[in-house]
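Student:
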Amino acid sequence: MAYAQNLIAALFISFTSFSQSILVISPEILDLFSLNHVFAHRKIPNDNAMYCESWRFTVETNDIGFWTLIPQKCTSFVQDYMTSGRYSSDSSAVADQSLAFANTVNVSNDGMDAWIFDIDETLLSNLPYYINHGFGSEIFDEVAFDKWVNEAEAPAIPASLKLYKELHQRGFKIFLLTGRSEFQRNDTEKNMVYAGYSNWERLILRGPSDKGKPATQYKSEKRKELEDEGYRIHGSSGDQWSDLVGFAVAQRSFKLPNPMYYIA
Ligand SMILES: [Mg+2]
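Quick look at the structure:
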């Protein structure tokens, strides 16, 4: 209320000055719109929701770098984010921007225009697994997760499935580049079909020589091999920065949201 009164008073002073043909920007106006004023008069609540929203920002921008578990006090925040429609909305926004870029690409008929997709939390959602494992607040259980992968029943992220189909229709060759291992090839293919995906050009998994490599190195090497084959990698989609950075990077990279876990 005081802010509104100050604004009216300041505008009146300015108008008076202007009516006298003297163009004056009053100090009151400058003060009202200065950053100092905004921050000085805005009470920033220091509650969990605000903290967790800012934490999530640092995750998605990779400002946070390496992290292992979501903060305990953010478990319900991440749960809400993942299940309330926000995650779905953010995923759709990323897919929309991806398609907008894809529409600017002049796809050749030589079959060498490529788009790379990561799989987990990019094309397939492991949310049914994470609902039962604390949304990323529990230490990763490789045995339990492999069992889940073995079931091959992860659903598609709807916006990603739609994007995938649109890209294929536009003539892009689609490569699946995942951190999953060769022994999971059959389960992965089965799950992709179960979720509605088809017509990928190649499924690339970690082989014996890739074991122990950081994801950024492994994925960069595989992209480089595709480039050496002559493919033009226009787009790359992944929920981890390690899906997207390194060398032989795509012309445009698209980061999907994932506040549940981090892969270096
Ligand atoms: Mg992933």
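As numbered in mature numbering (1 follows the signal peptide of the UniProt record, and there is no 0), residues -21 to -1, 1 to 243 make up the sequence shown, in order.
From the three backbone atoms N, C-alpha and C, an ideal C-beta is built for every residue, glycine too.
So for Asp99, helix, strand or coil by DSSP?
Tutor: The answer is strand: DSSP assigns Asp99 an E or B state.
Student: Name the residue from Thr40, Asn111 and Gly214 whose alpha carbon lies nearest to the alpha carbon of Phe80.
Tutor: The residue with the shortest Cα to Cα distance from Phe80 is Gly214.
Student: Is there at least one non-hydrogen atom of ligand 1 closer than 8 Å to the beta-carbon of Asp125?
Tutor: The answer is no for Asp125.
Student: Within 10 angstroms of its Cβ, does Ile95 collect 16 or more other Cβ (buried), or is it exposed?
Tutor: With 16 or more Cβ atoms within 10 Å of its Cβ, Ile95 is classed as buried.
Student: Over what stretch of residues does the alpha helix (DSSP H) that includes Ile110 continue unbroken?
Tutor: Segment Leu106 to Ile110, the alpha helix (DSSP H) holding Ile110.
Student: With burial defined as no fewer than 16 other Cβ atoms inside 10 Å of the residue's Cβ, what is the status of Asn105: buried or exposed?
Tutor: Per the 10 Å Cβ criterion, buried.
Student: Can you grab the Cα-Cα spacing for the pair Glu204 / Leu146, in whole Å?
Tutor: C-alpha separation (whole angstroms): 22 Å.
Student: Taking the Cβ atom as the reference point for each residue, do Phe154 and Ala93 lie within a distance shorter than 9 Å?
Tutor: Cβ atoms of Phe154 and Ala93: closer than 9 Å.
Student: Under DSSP, the beta strand (DSSP E) around Thr157 begins and ends at which residues?
Tutor: From DSSP, the beta strand (DSSP E) with Thr157 extends over Lys152 to Ser160.
Student: Quick check on DSSP: helix, strand or coil for Lys234?
Tutor: Strand at Lys234.
Student: Rounded to whole angstroms, what is the Cα-Cα separation between Asn41 and Gly175?
Tutor: Spanning the two alpha carbons is a distance of roughly 31 Å.
Student: Which residue spans inside the stretch 127 to 211 form an unbroken alpha helix (DSSP H) run of at least 4?
Tutor: Here the runs fully enclosed are 137 to 148, 164 to 174 and 194 to 207.
Student: Could you tell me if Glu121 is buried or exposed, where buried requires 16 or more neighbouring beta carbons within 10 angstroms of its beta carbon?
Tutor: That one is exposed.
Student: I want to check one thing, is the minimum distance from the CB of Asn170 to the heavy atoms of ligand 1 below 8 Å?
Tutor: No, Cβ of Asn170 sits at least 8 Å from all heavy atoms of ligand 1.
Student: Expressed to the nearest angstrom, what Euclidean distance is found between the alpha-carbon atoms of Lys198 and Ser55?
Tutor: If I take the Cα positions, the gap works out to 32 Å.
Student: By the three-class DSSP mapping on this structure, what secondary structure does Asp125 have?
Tutor: Of the three classes helix, strand and coil, the one that applies to Asp125 here is helix, per DSSP.
Student: Would you check if there are 3 or more beta carbon pairs closer than 8 Å linking the stretch 25 to 37 to the stretch 81 to 88?
Tutor: The stretch 25 to 37, when compared against the stretch 81 to 88, does not touch it at the 8 Å Cβ threshold.
Student: I'd like the list of long-range same chain contacts for Leu182, defined as Cβ closer than 6 Å, with 5 residues on each side in sequence excluded.
Tutor: Leu155, listed in sequence order.
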